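Working notes for the structure below.
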Amino acid sequence: MKSSRKTQSHFLVILSLAEIIVCVKAATYVDGRAPQEFDKLEHHKMLLGVQMLYDDMFLQSRVKCLERTNLYLSALLNAAKLRFANMMDPVIDLVLTKITPVDDEFLFRDRFGDVNYYRSVQYMKDGALGYEVSFEGADLVLFVTGRPVEPPVLRQDGSWIGTPTIGGVCTRDRFGLVHDNGKSFSGATDLAQQISFLLGAVRPVSPDGSLLSQAGGGSQYYGLSKEGKAAILNHYKRHHRSESCCWKDRPRPIKPKYPVDFLLDRRVDICEAAYGAPYKECTLEADGKRVSAQCRIACCKDGGPIREVFVPDGAKCGSEGQMCIYGWCIDRVGDYLTIPSLMIPAIPGGTAYDWDKIKSEIESDNSD
C-alpha cells in the first residue's frame, strides 16, 4: 500500500513537471509554432499598391507644402495600416506608390459645402473625366480631403453613409474617401475602415467595440473583429488565383513614415493639435511619475478639465520593440504585432509615458 502511494506520488510529481514544461514551451510558441519556424512560414499576404489623392482644401491645412503633404499622407496610410497589425492570415501590406493633387472642384459637394461621398467616389470610378488623372496600376485609390464629408448616418439596413464597395480591391470599385484635418491624423481610423471594406471585411454581427462596429471606429479595440478578419480571408481565398488578383506583385514604395515621425520632426504640440492652443501636456506628477498613461498623454489648461490624447501611432513604448497603436502599447511577435486581449480599459494604467524621451530618440535617429 505504501509502495503504491509512493509510486502515485512520484507519478503526480512527474505529471506536474510535464505540465510546467508544456506551459514553458507554449509560452515560447506563436500559433503553435516555435518563433524560428514562425518566421519561415509563407503566410497568405495581400501586398497592395495604394494611390492617394488630396485637394486644395487639404493643402491649406497645416501641411502647407508639397514635401510635407507627401510625408503626412505616407504617415496617415501607415497609421491606417497599423489597424491590421495583428492580422496574420492574410497579412495586409499597404505600399504607398503614388500621390496625386487635384483642385477643389474635383469632389461633389452639397449645398452646405460637405463632400457628397457617393457622387464623388462614383466620379473617380468613371475615370474622373475632365482631369488628367490616371489610376492605372493602383490596387487601392484613397482620396483625402480637407473638407467635411457628409456625416455617417445609419441606414435602416444597418450600414452607414460613406461605405465603399465591399471587396472592391483590384476592381473598378477600388476607391475610398475620407476627411482629415491635415495636422493630427484625424482621418486614420476612417481610412482604416475604408480599406477594411475594400478588402472584403464585414461589420460584426453585434457591436463589440472593434474597428467596424460603428462609424468613426470602435470604442474598445483598434482592429477588426473575428467576422471582419474571416471575411477578408474568404475574399483572399476566392480571388487569389483569379486573373483579376492584384496583390501578388511587388509595388514600388515611397519611403515610409509614421505619424510620430511627422509630428515630432515638426515640433507639433500634440495637446494643442488635438484640443486647441490653451491646452498643453500636463506637468503634474503622482508618486514621482507623470500623469499620462502608457501611449496616452494628459492635456491641461488653466481652470479647465484634464483631457486625454493618444501618443501618435508608431511611437516606441517598450524595451522589446513595442509600438503605440491607437492609444495602446502593442507587443511584437516576429514581424507582426499582437494584442494581450480584446477587451482593454478605455484608460489603461501602466508606466507613465515619457514624451520627452521619445522626442530625444527621434532627434537622435534623424541625426544618424
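Numbered according to mature numbering (1 follows the signal peptide of the UniProt record, and there is no 0), the sequence shown spans residues -26 to -1, 1 to 342.
A virtual CB, placed ideally from N, CA and C, is assigned to each residue, including glycine.
Keep in mind that this is a model prediction, so the values were computed, not measured.
Rounded to whole angstroms, the gap between the alpha carbons of Lys99 and Cys291 is 41 Å. No Cβ-Cβ contact shorter than 8 Å links Gly120 with Met61.
Here Arg281 is bridged, per DSSP, to Cys273. The straight-line gap separating the alpha-carbon atoms of Asp243 and Gly87 is approximately 30 Å. Distance from Val118 to Asp154 at the Cβ level is roughly 5 Å; contact confirmed, criterion being Cβ atoms closer than 8 Å. With a cutoff of 8 Å on beta-carbon distance, Asp235 and Gly278 are scored as not near each other.
Following the DSSP letters along the chain, one finds Lys72 inside the beta strand (DSSP E) bounded by residues 65 to 75. With a beta-carbon spacing of about 5 Å, Pro138 and Phe171 fall inside the 8 Å limit used to define contacts. Within the region 117 to 196, the runs of beta strand (DSSP E) that reach at least 3 residues and sit entirely inside it are, in chain order, 149 to 153. Within the model, the alpha-carbon separation for Val107 versus Leu116 is close to 13 Å. Counting only the Cα atoms, Asp276 lies some 40 Å from Leu27.
Per DSSP, Lys203 lies in no beta strand (DSSP E) segment; the continuous alpha helix (DSSP H) that holds it begins and ends at 200 to 213. With respect to the C-alpha of Gly191, the residue from Asp164, Ile304, Pro227, Arg212 having the closest C-alpha is Asp164. Note on Lys222: under 16 other CB atoms within 10 angstroms of its CB, so exposed under the neighbour-count rule.
Of all alpha-carbon atoms in Gln268, Cys273, Leu238, Gly202, the one lying nearest the alpha-carbon of Ala251 is that of Cys273. The C-alpha of Cys256 is placed about 37 Å away from the C-alpha of Val69.
The C-beta distance from Val143 to Leu22 rounds to 7 Å, short enough to meet the 8 Å contact threshold.
DSSP places Val24 in the strand class (E or B) of the three-state scheme. Gln168 is classed as buried because its beta carbon has at least 16 other beta carbons within 10 Å across all chains shown. Looking at Glu282, Ala175, Met297, Ile271, the one whose alpha-carbon comes closest to that of Asn208 is Ala175. Residue burial annotation: Lys211 is exposed, with fewer than 16 other C-beta atoms found within 10 angstroms of its C-beta.
Excluding its 5 nearest sequence neighbours in each direction, Ala49 has C-beta neighbours in its own chain below 6 Å: Lys231, Tyr232, Pro233, Phe236, listed in chain order.
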